[in-house]
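Asks: What follows is a single structure, and I will ask about it in a moment.
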Amino acid sequence: MQAIRSSLRARAAVAAARSFSTSPAHSVARLIVTGRLAAEPEIQATSTGQDVVKYVVGTSYGPKDNRQTSWFRIASFQPEGPSRDHLLSLQKGTLVYVEGDASVRVYEDAEGKKQSSLNIVQRSSKPPMIDFLVAKTQLNFAYTGTLEVLKRPQTGNETGSEGTQ
Numbered sequence: 109m110q111a112i113r114s115s116l117r118a119r120a121a122v123a124a125a126r127s128f129s130t131s132p133a134h135s136v137a138r139l140i141v142t143g144r145l146a147a148e149p150e151i152q153a154t155s156t157g158q159d160v161v162k163y164v165v166g167t168s169y170g171p172k173d174n175r176q177t178s179w180f181r182i183a184s185f186q187p188e189g190p191s192r193d194h195l196l197s198l199q200k201g202t203l204v205y206v207e208g209d210a211s212v213r214v215y216e217d218a219e220g221k222k223q224s225s226l227n228i229v230q231r232s233s234k235p236p237m238i239d240f241l242v243a244k245t246q247l248n249f250a251y252t253g254t255l256e257v258l259k260r261p262q263t264g265n266e267t268g269s270e271g272t273q
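My numbering applies: residue 109 is where the sequence shown begins, and numbers increase by one.
Right, here's the structure in full:
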């Protein structure tokens, strides 16, 4: 009798664990990068003719006297529209927050050595773009689904005076 009870409990636990979905569980590698754009994003066509926006985000860490920087190459397959236009309009130095799916690709280089690269694809954005100014902190902030502009670089013609808006 004890064996039957144990078997029923085990089956009930397994059923309860995935009762919210009938599809199988999938592994996912998600990466969040917060840093500054190394250059303005560029649009390129893939070998199949699909447009991809590519950009590089740099993140710095460590003490001021020994600062280290990591560079992350990111691809975005945004469809033509306001979100993609916004991404393409960002300037070098813009502080961004990006969510992406990460994967590692192993390949052989020209010398026959095995190399690996981290691929990051910006997650697609469903909501419409919202671009507004938080006047109190003079911080430009835009949301495009999985890329947020945290701060735009200052240009030479800005005075930095607060309360003028």
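Here a beta-carbon is modelled for each residue, glycine too, at the ideal position from N, C-alpha and C.
Predicted model, so just to flag it, every value in this text is computed and none were measured.
Could you check if Gln186 is buried or exposed, using at least 16 other CB atoms within 10 Å of its CB as the buried criterion?
Replies: Along the sequence shown, one-based indexing puts residue 186 at 78. Its Cβ being crowded by 16 or more others within 10 Å, Gln186 is buried.
Asks: Where does Ser191 land, buried or exposed, given buried means 16+ other C-beta within 10 angstroms?
Replies: For this step, residue 191 is matched to residue 83 along the sequence shown. Taking all protein chains in view, the Cβ of Ser191 is crowded by 16 or more other Cβ atoms within 10 Å, so the residue is classified as buried.
Asks: Less than 8 angstroms between C-beta atoms, sequence neighbours within five positions excluded: which residues of the same chain meet that for Ile182?
Replies: If you number the sequence shown from 1, residue 182 lands on position 74. Val141, Lys162, Tyr163, Val164, Val165, Val206, Gly208, Ile228, Val229, Gln230, listed in sequence order.
Asks: Whole angstroms is fine: what's the gap from Asp217's alpha carbon to Arg144's?
Replies: Here residue 217 refers to the residue found at position 109 of the sequence shown. Here residue 144 refers to the residue found at position 36 of the sequence shown. Cα to Cα, the separation comes out at about 29 angstroms.
Asks: Please classify Pro149 as buried or exposed, where buried requires at least 16 neighbouring CB atoms within 10 angstroms.
Replies: Reading the sequence shown from its first residue, position 41 is the one you call residue 149. Its Cβ being crowded by 16 or more others within 10 Å, Pro149 is buried.
Asks: Which two residues bound the contiguous alpha helix (DSSP H) that contains Ser225?
Replies: As a first step, residue 225 is located in the sequence shown; it is residue number 117 there, counting from the start. Here Ser225 belongs to no alpha helix (DSSP H); instead the beta strand (DSSP E) covers 222-230.
Asks: How should Ser224 be labelled, buried or exposed, when 16 other C-beta atoms within 10 angstroms of its C-beta is the threshold for buried?
Replies: Along the sequence shown, one-based indexing puts residue 224 at 116. Residue environment: Ser224 is assigned as exposed (fewer than 16 neighbouring CB atoms within 10 Å of its CB, all protein chains considered).
Asks: Considering Cα atoms alone, identify which of Arg175, Thr154, Leu198 is closest to Leu258.
Replies: Indexing the sequence shown from 1 puts residue 258 at position 150. Closest by alpha carbon: Leu198.
Asks: Cβ atoms of Ser168 and Gln158: under 9 angstroms apart, would you say?
Replies: For the purposes of this step, residue 158 is taken as residue 50 along the sequence shown, with counting starting at 1. For the purposes of this step, residue 168 is taken as residue 60 along the sequence shown, with counting starting at 1. No, they are not a contact pair.
Asks: For Val160, which of Ser232, Thr263, Gln262 has the nearest alpha-carbon?
Replies: Walking along the sequence shown from the start, residue 160 turns up at place 52. Per the Cα distances, Ser232.
Asks: In terms of residues, what are the limits of the alpha helix (DSSP H) holding Arg175?
Replies: By one-based count along the sequence shown, residue 175 stands at place 67. Looking at the DSSP string, Arg175 is not in any alpha helix (DSSP H), and its letter there is neither H nor E.
Asks: Sorry if obvious, but does the Cβ on Gln152 come closer than 8 angstroms to a heavy atom of the ligand SAH?
Replies: The ligand SAH is not among the ligands present in this structure, which contains no ligands whatsoever.
Asks: Between the Cα of Ala153 and those of Pro261, Ser184, Leu203, spot the shortest distance and give me the residue it belongs to.
Replies: The count along the sequence shown starts at 1 and reaches residue 153 at position 45. The shortest Cα separation from Ala153 among Pro261, Ser184, Leu203 belongs to Ser184.
Asks: Return the CA-CA distance between Gly201 and Gln262, expressed in angstroms with no decimal places.
Replies: One-based indexing of the sequence shown puts residue 201 at position 93. One-based indexing of the sequence shown puts residue 262 at position 154. One C-alpha to the other measures close to 9 angstroms.
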